[in-house]
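Position 31 (the sequence shown) corresponds to 115 in our numbering; numbering is contiguous.
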Amino acid sequence: MLFLFDALDRLHSRRDIADRLVGGILKVALDLRTRTRNLRAKVFIRHDMFDSVKLNFPDASKLTANAADLTWSPTSLYGL
Numbered sequence: 085m086l087f088l089f090d091a092l093d094r095l096h097s098r099r100d101i102a103d104r105l106v107g108g109i110l111k112v113a114l115d116l117r118t119r120t121r122n123l124r125a126k127v128f129i130r131h132d133m134f135d136s137v138k139l140n141f142p143d144a145s146k147l148t149a150n151a152a153d154l155t156w157s158p159t160s161l162y163g164l
């Protein structure tokens with residue numbers, strides 16, 4: 085099963101509310117990781133959004149242990 089969330093920066097017009105919603109997604113990802121063996125979440129989130137959310141999500145560091153940094157050059161993005 086695959087769940088994808090896109091446009092997280094547009095969840096709400098107020099950034100503080102959007103941050104809380106994204107924090108909820110991260111909490112679910114952490115709960116899946118710690119409570120189940122067969123379900124895992126992959127969360128793709130921009131650095132600036134994660135930095136903002138982790139201020140109010142004390143367990144965020146538990147998710148960063150397995151994080152990977154994905155970057156694309158402008159040229160490769162135009163190729164999509």
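We put the beta carbon where it would ideally sit given N, CA and C, even for glycine.
Handout entry: Beta-carbon spacing of S136, D103 below 7 Å
Key = Against the sequence shown, residue 136 aligns to sequence position 52. Against the sequence shown, residue 103 aligns to sequence position 19. Taking 7 Å as the Cβ cut-off, S136 and D103 qualify as a contacting pair.
Exercise for the section: If I'm right that A144 touches L110 with Cβ under 8 Å, what's the distance once you round it to whole angstroms? Expected result: For the purposes of this step, residue 144 is taken as the residue at position 60 of the sequence shown. For the purposes of this step, residue 110 is taken as the residue at position 26 of the sequence shown. At roughly 7 Å, the Cβ-Cβ gap stays under 8 Å, so A144 and L110 are in contact.
Handout entry: Reduced DSSP secondary structure (H/G/I, E/B, other) of M85
Key = By 1-based counting over the sequence shown, the position of residue 85 is 1. Reduced to three states, the DSSP call for M85 is coil.
Practice task
Run the CB neighbour count on V106, radius 10 Å, all protein chains shown included, and call it buried at 16 or more, exposed below.
Solution key: Numbered from 1 along the sequence shown, position 22 holds the residue referred to as residue 106. That one is buried.
Handout entry: Cα-Cα separation between R130 and A91, rounded to whole angstroms
Key = As a working mapping, residue 130 is identified with position 46 in the sequence shown. As a working mapping, residue 91 is identified with position 7 in the sequence shown. Cα-Cα distance, rounded: 10 Å.
Handout entry: For I129, the three-state DSSP class (helix, strand or coil)
Key = Sequence index remark: in the sequence shown, residue 129 carries index 45 (1-based). If DSSP states are grouped into helix, strand and coil, I129 belongs with coil.
Handout entry: Residue interval of the alpha helix (DSSP H) (run including A113)
Key = Within the sequence shown, the letter at position 29 stands for residue 113. Taken as a continuous stretch (DSSP letters only), the alpha helix (DSSP H) holding A113 covers 99 to 119.
Exercise for the section: Would you identify the three-state DSSP class for F134, choosing helix, strand or coil? Expected result: Taking the sequence shown and counting its residues from 1, the one referred to as residue 134 is at position 50. Of the three classes helix, strand and coil, the one that applies to F134 here is helix, per DSSP.
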